[in-house]
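Q: Dropping a structure here in structure tokens format, bear with me for questions.
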Amino acid sequence: MKQTKWLINLSACLALIAITVGATNFAPSSRHLPDGDTLVVSSGLPFSSDTVALPYASYQIGAVVDSISLPATDSGVRSYAPLNDFFAALDSLQAGKDTVITVVQLGDSHIQAGHYSGRVMRLLQQQFGNAGRGWIAPFKLSRTNEPDDYFISSVAKEWIAGRCIQTNKKAPVGLGGIGIQSASPSINFDVMMAPNNGAGYSFNQAILYRGEKAMPMLPAGKLKDSIRTVLGVEPVAPGVLADTFHISCQTDTLQLHSTRRKQGTDNLLPASSFRNVYYGFNLTNGNPGILYHSIGVNGAMFVNYTDENYVRQLALLNPSLLIISLGTNETFGRRFNRSEFMGQIEAFVSLVKKQMPHTAILLTTPPECYKRVTVNKKRTYVRNENTERAAKAIRDVADREGLACWDLFAATGGKNSSAEWRRKGLMGRDRVHFTKEGYQEQGILLYRALMQTYNRYITDNDVR
């Protein structure tokens with residue numbers, strides 16, 4: 021069947037206007053902001069304004085990496101094989117096919133905050149359609165930072181948190197790399213999209229992932245009579261049940277409360293028969309487009325996710341594309357060992373290929389950062405040279421494994437770039453993490469790289 025050729029021209033879909041970014045554009049006036057252009061993206065989602073202004077200058081600090089690195093064929097021609105199915109799906113979606121394409125970005129604290137991955141999510145959904153907010157996890161209940169576009173609250177306060185980074189996990193861990201457990205005989209969850217930051221993410225279906233022995237949840241509040249509940253009976257992955265809530269209208273809130281009632285009876289089961297572990301939600305809206313799941317855990321490394329049961333859980337999201345954004349935390353070890361690090365990457369990639377054979381894999385490199393050292397009995401910051409070594413190792417694994425790779429280290433300026441990002445107010449005080457604006461810029465860079473590579477795929481394959 022003949023298709024229309026869909027070429028995403030960044031100069032057309034991302035209107036670049038030449039104005040100087042001032043301090044009032046997106047940050048407090050005390051910040052030194054990048055000089056240059058502001059990127060204005062037409063909003064495909066109901067943001068608070070008709071357009072959303074994004075910073076578009078800091079990538080000029082170093083060389084711009086506009087596209088994804090792909091392996092070459094024996095004849096030296098660029099091979100799109102690692103991303104071919106994903107790009108073909110994008111083309112079908114762009115051509116009007118009623119489908120949902122799922123992307124998972126997996127990482128560490130750079131991802132947990134949600135600013136970097138959240139920017140990629142918004143931009144892809146503006147271009148290809150918004151299928152929902154996707155994965156959300158109860159980070160606040162586990163006493164850590166949470167993305168700013170949703171809230172998960174509970175009257176139960178005494179939660180025990182398990183994290184994939186724990187050697188001896190305090191509670192079982194689920195799809196999001198965390199799990200929360202409570203001994204309370206009565207538990208509730210209130211899920212709400214943030215009024216401003218969560219704009220555009222109303223949903224009409226929510227899937228709750230819980231432990232196999234956890235109390236199930238039932239709808240509460242004003243919408244309870246308009247929700248059809250399908251409780252999980254059989255595990256969908258080792259130790260994981262999935263409860264689905266079908267809502268008759270689009271909503272920004274969902275209220276749930278636990279039940280000890282045995283299904284199909286009026287009998288209450290004793291509280292001691294439950295082990296109340298909950299992992300998170302998948303929120304969708306029933307529309308075609310991109311469903312982008314952001315999964316990150318502070319301090320995470322490749323080895324923390326390299327567990328077959330975990331990868332089997334991750335496979336429940338059925339991603340068309342898995343973006344793996346790890347590597348920073350490994351660079352802070354006493355002795356960074358390149359061979360050992362490459363082996364850790366390959367071990368995780370091997371599990372992904374086994375459990376998700378049809379998922380495209382995109383490796384990304386970590387940006388440069390600082391590390392604290394003692395010089396003459398004084399604590400100071402020096403450039404973390406291991407991030408450059410880690411970036412090279414990731415690129416080499418991608419070449420060896422025939423995977424796609426995006427070099428964030430180079431895209432943000434490469435060697436000595438962290439000093440410039442800090443000078444421009446885009447790096448945090450700890451000199452490891454970035455500001456919200458810094459992460460958003462990195463998200464723009466990844467989006468640009470994906471779209472440039474997609475454009476070349478369309479052109480090289482003469483998709484019509």
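Residue 21 is where the sequence shown starts when you use the numbering used here, and the numbers rise one by one after that.
Backbone N, C-alpha and C fix where the C-beta goes; we use that ideal spot for every residue, glycine too.
It should be emphasised that the depicted structure is a prediction, and the values quoted were computed from it without experimental measurement.
1. Which word fits Lys444, buried or exposed, when buried means at least 16 other C-beta atoms lie within 10 angstroms of its C-beta?
2. To the nearest angstrom, how far is it from the Cα of Gln375 to the Cα of Ile200?
3. Taking the beta strand (DSSP E) that Ala424 belongs to, which residues open and close that run?
4. Measure the alpha-carbon distance for Ala335 versus Leu195 and round it to whole angstroms.
5. Express the C-alpha separation of Asn406 and Gln114 in angstroms, rounding to a whole number.
6. Between Glu254, Ala257 and Cys269, which lies nearest to Ala226 when the distance is taken from Cα to Cα?
7. Return the Cβ separation of Asp111 and Ile381 in integer angstroms, given the expectation that the two are a contact with Cβ distance under 8 Å.
8. Does Leu289 come out as helix, strand or coil in the three-state DSSP assignment?
9. Gln186 by DSSP, collapsed to three states: which one?
10. Give the single residue among Ala181, Ser204, Asp416 and Arg139 whose Cα lies nearest to the Cα of Ser292.
11. Return the CA-CA distance between Asp480 and Pro167, expressed in angstroms with no decimal places.
12. Hey, how far is the Cα of Val140 from the Cα of Tyr467?
13. Quick one, which of Leu90, Thr379 and Ser314 has its alpha-carbon nearest Gly154's?
14. Count the other CB atoms within 10 Å of the CB of Val260; is the residue buried (16 or more) or exposed (fewer)?
15. Just to confirm my understanding: we take Asn349, look at its own chain, exclude 5 residues before and 5 after, and list those with CB closer than 7 Å. What are they?
16. Using the three-state DSSP reduction, which class does Met237 fall into: helix, strand or coil?
17. Ignore the nearest five residues each way along the sequence and tell me which others in Ile267's own chain have a CB closer than 6 Å to its CB.
18. State the start and end residues of the unbroken beta strand (DSSP E) segment that holds Asn302.
19. Determine the contact status of Phe265 and Pro239, defining contact as a CB-CB distance below 8 Å.
20. Return the chain-ordered ranges of every alpha helix (DSSP H) run that is complete within the region 351 to 424 and spans a minimum of 4 residues.
21. Quick one: Cα of Cys33 to Cα of Ile88, how far?
A: So, from the listed chains and residues:
1. buried
2. 25 Å
3. Ala424 to Trp426
4. 9 Å
5. 40 Å
6. Cys269
7. Their Cβ separation, rounded to whole angstroms, is 20 Å, which puts Asp111 and Ile381 out of contact at 8 Å.
8. coil
9. coil
10. Ser204
11. 38 Å
12. 6 Å
13. Ser314
14. buried
15. Asp128, Gly319, Ala320 and Met321
16. strand
17. Asn224 and Ile247
18. Asn296 to Thr304
19. yes
20. 358 to 375 and 406 to 421
21. With a pLDDT of only 47 at Cys33, under 50, the local geometry of the prediction cannot be trusted, and the value read off the model is given with reservation. If you take the alpha carbons of Cys33 and Ile88, they lie about 19 Å apart.
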